[in-house]
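Just so you know, the protein sequences line up as chains A and B, in that order. Counted the way my numbering counts, the first sequence spans residues 42 to 425. Counted the way my numbering counts, the second sequence spans residues 42 to 425. Cβ coordinates follow ideal geometry from the N, Cα and C atoms, glycine included. A quick note: this is a predicted structure, and the numbers were derived from the prediction, not measured. Structure first, commentary second.
Protein chains: 2
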Amino acid sequence: MFNFSYQNPTRIVFGEGQISQLATLVPKGAKVLLTYGGGSIKHNGVYQQVLQALAGFEVVEFSGIEPNPSFETLLKAVELVKAENITYLLPVGGGSVVDGTKFIAAAALFEGDPWDILAKKAPVTQAMPLGCVLTLPATGTESNGNSVVTRYSTQEKLSFASPLVYPQFAVLDPTVTFSLPPKQVANGVVDAFVHVMEQYMTYPVNAAVQDRFAEGLLLTLIEQGPLALKDPQNYDIRANVMWAATMALNGLIGQGVPQDWATHMIGHELTALYGLDHAQTLAIVLPALLQQQRSQKRAKLIQYGQRVFNLQHSDEERLIDETIAHTRAFFEQMGVPTRMADYGIKADAVDALVAKLEQHRMFKLGEHGDITIDVSRQILTAAL
Amino acid sequence: MFNFSYQNPTRIVFGEGQISQLATLVPKGAKVLLTYGGGSIKHNGVYQQVLQALAGFEVVEFSGIEPNPSFETLLKAVELVKAENITYLLPVGGGSVVDGTKFIAAAALFEGDPWDILAKKAPVTQAMPLGCVLTLPATGTESNGNSVVTRYSTQEKLSFASPLVYPQFAVLDPTVTFSLPPKQVANGVVDAFVHVMEQYMTYPVNAAVQDRFAEGLLLTLIEQGPLALKDPQNYDIRANVMWAATMALNGLIGQGVPQDWATHMIGHELTALYGLDHAQTLAIVLPALLQQQRSQKRAKLIQYGQRVFNLQHSDEERLIDETIAHTRAFFEQMGVPTRMADYGIKADAVDALVAKLEQHRMFKLGEHGDITIDVSRQILTAAL
């Protein structure tokens with residue numbers, strides 16, 4: 042096991058009816074910027090619940106944060122924060138709204154061009170406080186310090202991380218997910234699943250607890266994900282998916298172990314160039330990557346196959362083949378296709394994607410740093 | 042799943058050599074009270090590492106905190122805190138030293154008789170800040186707000202809890218556990234195991250993540266505990282035991298699920314009256330309690346037997362019998378006997394223990410509140 046230092050300051054307020062807790066969770070006297078996306082929160086009752094809980098606060102609204110939040114839109118929110126002397130940020134939505142609002146929190150107090158936070162990894166030395174209400178379990182952003190933002194003008198999807206942008210609290214009410222479109226439910230489950238895989242499917246360092254927890258989340262998502270599609274009004278199933286997605290990327294399972302993240306880095310280019318949903322890109326890249334990296338990941342692929350899919354073949358090559366096939370089948374079962382062709386993307390895309398990876402200097406991806414541009418090309422070709 | 046609100050503010054600083062981080066973890070300018078137990082930290086190098094890291098601080102020492110820390114001793118430390126104008130507490134030791142120092146933190150700022158914190162559950166409204174260096178993985182106290190203190194004069198073992206006494210940081214260096222006596226290693230593993238069971242072995246509420254995490258910790262302790270006894274200098278094994286013990290009682294796996302704790306409550310009386318180690322009392326009480334509560338805990342006993350011990354009998358009564366037998370066998374394998382007779386405690390003890398349970402008003406223990414004094418008597422009789 043590697044050394045680590047871990048602290049997660051986010052208070053999780055979990056359960057039906059908990060949006061009302063905003064009345065005490067938001068600091069007294071705060072002037073709140075309520076940020077959200079396309080307005081779905083106005084149709085499922087969340088917006089009304091939030092405003093009711095915030096009756097004692099001055100609230101300004103900023104809507105229109107896109108899926109894959111855009112740098113351009115977020116800068117408008119930063120202007121509003123300054124013009125209105127906002128003191129607290131409250132994103133209400135899915136991962137994009139929370140990620141985008143983390144960027145607002147950092148950019149509002151950043152001296153210089155905020156693009157540098159993303160493009161030059163300029164250090165974030167201060168940020169506005171924020172808490173969130175999550176409506177879509179998927180990214181884990183409700184309880185971590187990560188944010189991904191896309192500059193639409195240049196099709197660049199980039200990230201930053203800072204302990205200063207952890208939400209102070211995250212309200213997770215599973216009932217608000219009842220009305221999600223099945224596609225978003227499926228995407229969320231696949232996203233959470235791949236988050237676990239990025240921290241688990243590397244090489245063994247004898248980290249028993251981390252491995253068992255990661256496997257527990259994978260087992261949960263494999264079991265509960267399809268049930269959430271079948272029985273969308275079932276509270277416990279929704280609660281299990283929601284809690285699994287938070288635990289998948291609140292940092293805990295990644296402590297003291299190697300991490301990969303090549304699937305995410307390659308996938309980001311698919312979103313930036315072709316507009317695919319984040320989870321769709323992960324479902325495309327991961328199976329191809331596991332196949333290409335099967336010797337480097339051999340020991341963990343076998344462990345994963347045995348413990349998560351209960352495969353018991355003595356022939357290890359066959360076990361690995363079936364393990365990868367089961368992974369692909371799970372994504373397909375969730376309704377997320379796993380080939381670029383399924384999205385109408387053809388072979389000529391590989392060159393364009395590789396060029397973007399080069400532009401973003403993704404020369405040494407993966408836990409060994411051995412996924413070179415050429416290896417990424419092989420993975421993308423295998424994913425066609 | 043039940044609703045919950047969870048936050049764990051403790052920073053975990055994990056790994057070999059991390060005691061040196063105290064230099065930056067302890068707030069600048071603090072006047073530190075270094076608390077410890079019988080002095081074993083002077084023989085294994087920990088004391089020297091701590092003092093070296095604290096070279097820039099004024100440090101006062103308080104030693105002699107007992108296993109099952111005594112109210113009487115801790116009050117002396119409170120006097121020292123006041124006399125020396127201490128501003129920060131640094132327990133260095135096992136669960137007793139940390140638990141005891143949490144009580145010092147609360148008692149030093151308590152207005153009135155500090156005994157009320159334990160005996161009358163008087164609310165703790167302020168407490169001194171503390172951070173800790175853990176030398177014995179077992180209780181999880183390094184990352185929670187709980188404390189158990191014994192008043193020696195009256196043989197009363199009582200607890201209190203407050204978010205104000207979470208350690209701000211916990212330094213966990215597995216190498217400092219290399220020199221632990223095997224008995225303490227075994228006790229620690231049994232203690233952590235039963236902490237998980239208290240939060241897991243109740244009735245199902247369809248909390249998939251919590252169940253998988255609990256099972257993951259049980260599997261880890263069953264696998265790594267015996268290895269730690271066999272191969273005491275193996276870093277990864279020690280690291281796995283240490284991290285499992287922290288995760289067992291940092292609150293995470295107990296969120297949103299029913300909890301039991303009857304084994305602890307009954308066990309406390311065995312320690313108070315007969316001086317048994319805490320873990321010994323748990324190893325005695327738990328198997329007898331599982332047998333007595335087998336119908337109330339039926340569904341979870343079956344799940345536990347299948348997922349943790351890989352038992353697959355179609356005869357569920359046999360499966361439950363073997364599950365309880367495996368639990369007892371694991372404690373015995375760790376060298377912790379599971380019968381009162383093994384410790385020279387005879388049948389006449391039952392009346393004395395029951396009288397203590399009555400005195401402490403333990404009338405309705407367990408997740409259903411159905412472990413009455415009479416049921417406790419049955420459990421104790423079965424544990425003879």
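Residue environment analysis places A:His84 among the exposed positions, since fewer than 16 neighbouring C-beta atoms fall within 10 angstroms of its C-beta. When 9 Å is used as the limit between beta carbons, A:Gly56 is near these residues of chain B: Met42, Phe43, Asn44, Phe45, Ser46, Gly297, in chain order.
When only Cα atoms are considered, B:Ile361 and B:Val349 end up about 12 Å apart. The Cβ of A:Thr261 sits closer than 8 Å to at least one Cβ of chain B.
For A:Met288, at least one C-beta of chain B is nearer than 8 Å to its own C-beta. Each residue's CA atom was taken as its position, placing B:His401 and A:Ala233 some 46 Å apart. Proximity of chain B to A:Gln59 at the Cβ level (cut-off 7 Å) is accounted for by Asn44, in chain order. Between B:Ile106 and B:Ser137, the CB-CB gap stays under 8 Å.
Nearest Cα to A:Gly385 within the set A:Gln321, A:Leu330, A:Met242: A:Gln321. Contiguous beta strand (DSSP E) elements confined to the stretch 196 to 244 of chain A occur at 197 to 202, 210 to 213, taking only those with 3 or more residues.
When secondary structure is reduced to three states using DSSP, A:Pro50 falls in the strand class. Proximity of the stretch 173 to 181 of chain A to the stretch 206 to 222 of chain A meets the contact definition, three or more beta-carbon pairs being nearer than 8 Å. Using beta-carbon distances, A:Gly257 counts as an interface residue toward chain B, with a partner under 8 Å. In this structure, the straight-line span from the alpha carbon of B:Gly141 to that of A:Arg192 is close to 54 Å. By the neighbour-count definition (other C-beta atoms within 10 Å, threshold 16), A:Phe43 is an exposed residue. Between the C-alpha atoms of B:Ile307 and B:Leu398 there is a straight-line separation of about 7 Å. Residues of chain A whose Cβ lies closer than 8 Å to the Cβ of B:Arg402 do not exist, since the nearest Cβ in that chain is about 30 Å away.
Close to A:Val250, with beta-carbon spacing below 8 Å, are these residues of chain B in chain order: Gly257, Leu258, Thr261, Asn281, Trp284, Ala285, Met288.
The DSSP-derived three-state label of A:Ser336 is coil. A:Pro267 has a beta carbon lying at 8 Å or more from every beta carbon in chain B. Boundaries cannot be given for B:Phe404, as no alpha helix (DSSP H) includes it and DSSP labels it neither H nor E. Here the alpha carbons of A:Gln337 and A:Lys405 stand approximately 15 Å from one another. The bridge partners DSSP lists for A:Leu75 are A:Glu102, A:Leu131. When 9 Å is used as the limit between beta carbons, B:Asp272 is near no residue of chain A, the shortest such separation being about 12 Å. Of the residues A:Phe371, A:Ile365, A:Val189, A:Gln240, the one whose Cα lies closest to the Cα of A:His319 is A:Val189.
At a beta-carbon threshold of 8 Å, the residues of chain B lying near A:Pro50 are Gln48, Pro50, ordered along the chain. Look at A:Ser137 here: in three-state DSSP terms it is helix. For A:Ser188, the uninterrupted beta strand (DSSP E) run begins and ends at 187 to 192, by DSSP. Put simply, of B:Gln251, B:Ala124, B:Met283, B:Ala148 the residue whose alpha carbon is nearest the alpha carbon of B:Gly181 is B:Met283. The three-state secondary structure of A:Phe55, taken from DSSP, is strand. Between A:Ile294 and A:Gln240, the beta carbon gap of about 5 Å places them in contact (Cβ cut-off 8 Å). The stretch 112 to 129 of chain B makes contact with the stretch 153 to 173 of chain B: 3 or more CB pairs, one atom from each, lie closer than 8 Å.
Under DSSP, A:Ile412 forms a beta bridge with A:Leu406.
Going by DSSP, B:Leu63 is part of the alpha helix (DSSP H) stretching over 63 to 66.
Within the model, the alpha-carbon separation for B:Glu373 versus B:Thr379 is close to 7 Å.
Leaving aside the five residues that flank B:Ala423 on each side, the residues in its chain whose CB is nearer than 7 Å to its CB run, in chain order, Ala329, Gln332, Gln333.
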